[in-house]
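Participant: This is the structure I want to talk about, given as structure tokens.
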Ligand SMILES: Cc1cc2nc3c(=O)[nH]c(=O)nc-3n(C[C@H](O)[C@H](O)[C@H](O)COP(=O)(O)O)c2cc1C
Ligand code: SF4
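Residue numbers (the working numbering): 4 to 445.
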């Protein structure tokens, strides 16, 4: 299956970052239609589209939008999660840099549907170019009546602000993001059912919608062409509709963002990215570093859809698709992944704070040739102590890659522990030693 471009159709056209260029290509048709509709009809259109959140969890977007109080008593907020911290994922960055108006229009449509007073785009600190492009687009939208008071004469007022994060992975977790946005420490809050949903009490305890950049960017197409039309895309899958942007990286000839229709196979995505480089396909992490790794055989069976990826025991996740060739040492790869999660754990809860460090330390000693008999069982046991027992999803995200690698490639761990060297890449080098271990001389 070829690429199916909606969001990225005009991504490389420099004019598309200007309001005029955007309008010339049909931009803001979706908002103009929405503003003539009842608010509930806009939510119903999103429901008909089958749109699910593109930030990682695949939650139905309309359920959030519908969950906001209809009889408005308090200010309502829209938040765009533009933190994009998941290793392997770089789609939101491109969407903001090259197509900023689609996200802004999508937020305005969502704002209208949920009676929001204002919205915040929370952009990770390193995305300086993306923030510049979004700010410039917001200024143009204000100057031309697409943001601010009485948008396009409709009587609807909506303000939009950019807020830069400081590059913490945890601040992509929605409740931690909101804490950070409110000036608090970027740590997660208690969640439903122990606390109200953000749609009831989010930012400043007011009703709040939080969605990913790509999720909002789909809304203009849904409103312009209709939810039913949108739902024809991906109709071959069980319950994944529309297009999805996958960030393809690793050992491929043409890394980059590829927008495909759900139902495309993982093999077809690999072909779009120019096929494997430097050796045959060994494994793939299809949805960002936290999702379970799959081997070449399962890559051959994998269909890109939320339920379909579960059939090969993995996930669509955020769409960060990393292909690994036959010369990749899986033990090293997973150690680097666990180092990331250990560094990013916010420390609030014990299973993740302690467990991510333990996993990293055990993997680190294995890749430095000092693995102990029983390390595989110990690692697996720790993953079970973290998964489902942590305060937020970061703990699960740290445990899944380790548990999956032990399940799919046990022979590589066994070999490394027994022989003190990688089955694939030989003995450890300094590059495989974390900074703390080099500094401590261990
Ligand atoms: C540790 C962690 C990091 C996350 N990082 C991001 C992120 O960078 N961007 C994002 O959109 N969602 C991220 N999420 C998911 C968000 O919590 C939330 O589900 C998402 O923003 C909802 O938007 P959606 O329904 O449009 O996907 C993260 C979740 C966790 C647990
Ligand atoms: S799982 Fe716990 S320690 Fe880890 S990031 Fe979430 S709250 Fe912090």
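Glycine is no exception: its CB is placed at the ideal position from the N, C-alpha and C atoms.
Note that the coordinates shown come from a computational prediction; the quantities given were computed from them, not determined experimentally.
1) Where do the N-terminal and C-terminal ends of the beta strand (DSSP E) with residue 81 fall, by residue?
2) If I measure Cβ to Cβ from residue 445 and keep anything under 6 Å in the same chain, skipping five residues before and after, which residues do I get?
3) Leaving aside the five residues before and after residue 383 along the sequence, list all residues of the same chain whose C-beta is less than 6 Å from its C-beta, in chain order.
4) Rounded to whole angstroms, what's the CA-CA distance from residue 162 to residue 114? Just pull it up for me.
5) Closest by CA to residue 134, which one among 112, 147, 168 and 117?
6) Assuming residue 237 contacts residue 245 (C-beta within less than 8 Å), just tell me the rounded distance between them.
7) Under the criterion of a Cβ to heavy atom distance below 7 Å, does residue 394 qualify as lining ligand 2?
8) With a threshold of 7 Å, establish whether the CB of residue 59 neighbours any heavy atom of ligand 2.
9) Please return the same chain residues whose Cβ sits closer than 8 Å to the Cβ of residue 160, not counting the five positions on each side in sequence.
10) For the beta strand (DSSP E) holding residue 174, just list the boundary residues, first then last.
11) So, do the region 131-145 and the region 46-55 have three or more beta carbon pairs nearer to each other than 8 Å?
12) Within a Cβ cutoff of 7 Å, which residues of the same chain sit near residue 300, ignoring the five residues on either side of it in sequence?
13) Should residue 95 and residue 215 be called a contact, given that it needs their Cβ atoms to be closer than 8 Å?
14) Is the CB-CB distance between residue 6 and residue 275 below 8 Å?
15) With residue 130 and residue 99 assumed to form a contact (beta carbons below 8 Å), what rounded beta-carbon distance in angstroms separates them?
16) Relative to the alpha-carbon of residue 173, which residue among 427, 22, 86 and 106 has its alpha-carbon at the smallest distance?
17) Who are the Cβ neighbours of residue 363 in its own chain at under 8 Å, not counting the five residues just before and after it?
18) Three-state secondary structure (DSSP) at residue 55?
19) Out of curiosity, what's the CA-to-CA distance linking residue 20 and residue 14?
20) Could you check what DSSP says for residue 63 in three-state terms: helix, strand or coil?
21) Find out if the Cβ-Cβ distance for the pair residue 204, residue 105 is shorter than 8 Å.
22) Hey, is the region 20-39 in contact with the region 60-68, meaning 3+ C-beta pairs nearer than 8 Å?
23) Between which two residues does the alpha helix (DSSP H) carrying residue 226 extend?
24) If you follow the alpha helix (DSSP H) that residue 32 is in, where does it begin and where does it stop?
25) Which partner residues of residue 285 appear in the DSSP bridge assignment?
26) Give the single residue among 180, 190 and 336 whose Cα lies nearest to the Cα of residue 213.
27) Using C-beta distances below 8 Å, list every residue in its chain close to residue 298, excluding the 5 sequence neighbours before and after it, in chain order.
28) Should residue 350 be listed as close to ligand 2, given that the test is whether its C-beta is under 7 Å from any heavy atom?
29) Apply the 10 Å Cβ neighbour rule to residue 197 and answer buried if 16 or more other Cβ atoms are within range, or exposed otherwise.
30) Exposed or buried, which one is residue 10 when buried takes at least 16 other CB atoms within 10 Å?
31) Alpha carbon to alpha carbon, how far is residue 422 from residue 327? Give it in angstroms, no decimals.
32) By Cβ distance below 7 Å, which residues in the same chain neighbour residue 269 in space, the five residues on each side in sequence not counted?
33) Is residue 330 buried or exposed, if buried means 16 or more other CB atoms sit within 10 Å of its CB?
34) Sorry if obvious, but does the Cβ on residue 356 come closer than 7 Å to a heavy atom of ligand 2?
35) Near residue 92, what residues of its chain come up, given a Cβ to Cβ distance below 7 Å and the 5 sequence neighbours on each side ignored?
Facilitator: Inspection of the coordinates gives the following:
1) 80-85
2) Reliability of the predicted coordinates at residue 445 is poor, the pLDDT of 48 falling under 50, and no value is obtained from them.
3) 409
4) 9 Å
5) 168
6) 6 Å
7) yes
8) no
9) 120, 151, 152, 153 and 154
10) Unbroken run through residue 174: none, as it is neither H nor E.
11) no
12) none
13) yes
14) yes
15) 7 Å
16) 86
17) 338, 341, 342, 344, 345 and 437
18) strand
19) 9 Å
20) strand
21) no
22) no
23) 216-228
24) 32-38
25) In the DSSP output, where bridge partners are listed per residue, residue 285 has none listed.
26) 180
27) 285, 286, 411 and 412
28) yes
29) exposed
30) buried
31) 23 Å
32) 287, 289, 302, 305 and 307
33) exposed
34) yes
35) 250, 291, 321, 322 and 323
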